[in-house]
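Student: Residue numbers (our numbering): 2 to 66.
Quick one: this structure, given as structure tokens, is what I'll be asking you about.
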């Protein structure tokens with residue numbers, strides 16, 4: 002029983018010390034009028050950042066740089 006509690010406590014400590022880090026990705030967009038804009042997106046990985054970037058540029062073309 003002590004080992005289970007110890008392992009459980011150790012797991013909680015490790016998960017709190019090493020949280021999931023979010024990286025900053027640069028989303029560059031060109032709208033239908035040819036105007037350029039950019040936005041920083043925080044995401045845990047590139048596919049998530051690409052999805053958020055695509056949602057940002059609904060009226061144009063956006064991509065992660």
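For every residue, glycine included, the Cβ atom is placed at its ideal position computed from N, Cα and C.
All values reported here derive from a predicted model rather than from experimental measurement.
Grab the span of the beta strand (DSSP E) containing residue 36 for me, first residue to last.
Tutor: No beta strand (DSSP E) holds residue 36; DSSP gives it neither H nor E.
Student: Compute the Euclidean distance between the alpha carbons of residue 22 and residue 34, then round it to the nearest angstrom.
Tutor: For residue 22 and residue 34, the distance between alpha carbons rounds to 36 angstroms.
Student: With 16 as the cutoff for other CB atoms within 10 Å, does residue 42 come out buried or exposed?
Tutor: It counts as buried.
Student: Considering only residues of the same chain and omitting the five flanking positions on each side of residue 50, which have a CB-CB separation below 6 angstroms?
Tutor: So the list reads 26, 42, 44, 65, once near-sequence residues are dropped.
Student: In this structure, what does DSSP give as the bridge partners for residue 40?
Tutor: The partner list for residue 40 (beta bridge, DSSP) reads 28.
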